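In this note's numbering, the protein residues as written are 22 to 250.
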């Protein structure tokens, strides 16, 4: 959650605490009691979504790291095939045109090129192995393709879950703000002749301001003394 969301949640908790402290003043089933109960549910909902948001952020970061590792591993496999194909040019005319490395860092393009490498290398497997590529180099290439695809999917899923949790937090906070607005009228009407409780309510229901950043003092240059006469 961002700072503004955190401050709103803290306000909701204070309002819920106010309701607990004065629960005997509100009849069971009264509108005021219903609103305090609804706000408690909102706080619980926010906490659940916040936990999901943190977890999703971690999944996205892990997916990013795994994706980077998968990209590097797949590129290494393609470079080995490309290098070997160039060495086979005198044996297989035109082979160097089939196994060209992709430019840039586009993962979709890298995967498509890897699939083409796999298809084109399959009928030449014996020659590649004769040049000391591992006997299972094609199987390894397929595994590297699958690993990168899985990492991309995991990263996208983490990002999507994070976005969904953030949107759910925004929605819950909007509902909480509306509940506090309704409670403000109820509480002020109920305690119109009780300034002490109203002061308590005002303290509980206000939203903390964001702390002001103290500007860093600018380094003033030492004035140059005038030249001697």
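Cβ coordinates follow ideal geometry from the N, Cα and C atoms, glycine included. This one's a predicted model, so the numbers in the text were calculated from it and none came from an experiment.
- Exclusion of the five residues before and after residue 70 leaves 186, 189, 190 and 193 as the residues of its chain whose Cβ lies within less than 7 Å of its Cβ.
- In terms of CA proximity to residue 68, 22 leads the group 206, 138 and 22.
- When 175, 161, 227 and 210 are compared, the shortest CA-CA separation from residue 101 is found for 161.
- In the DSSP assignment, residue 216 falls within the unbroken alpha helix (DSSP H) covering 216 to 226.
- The Cβ-Cβ distance between residue 180 and residue 148 does not fall below 9 Å.
- In the structure shown, the three-state DSSP call for residue 43 is coil.
- For residue 84 against residue 175, the beta-carbon gap comes to about 4 Å, under 8 Å, which counts as contact.
- By the Cβ-count criterion, residue 77 is buried, with 16 or more other Cβ atoms from all chains shown falling within 10 Å of its own Cβ.
- Per DSSP, reduced to three states, the secondary structure at residue 121 is coil, with no helix or strand assignment.
- In the displayed model, residue 126 falls within coil according to three-state DSSP, outside both helix and strand.
- Following the DSSP letters along the chain, one finds residue 51 in no alpha helix (DSSP H), marked with neither H nor E.
- Counted as a single uninterrupted DSSP element, the alpha helix (DSSP H) harbouring residue 180 occupies residues 158 to 211.
- Close CB contacts of residue 81 within its chain, under the 7 Å cut and outside five residues either way in sequence, are with 176, 179, 180 and 183 (chain order).
- Between residue 120 and residue 140, the gap from beta carbon to beta carbon reaches 9 Å or more.
- Rounded to whole angstroms, residue 54 and residue 72 show a C-alpha spacing of 28 Å.
- Within the same chain, and ignoring the five residues on either side of residue 64 in sequence, the residues whose Cβ sits closer than 7 Å to its Cβ are 30, 33, 34 and 37.
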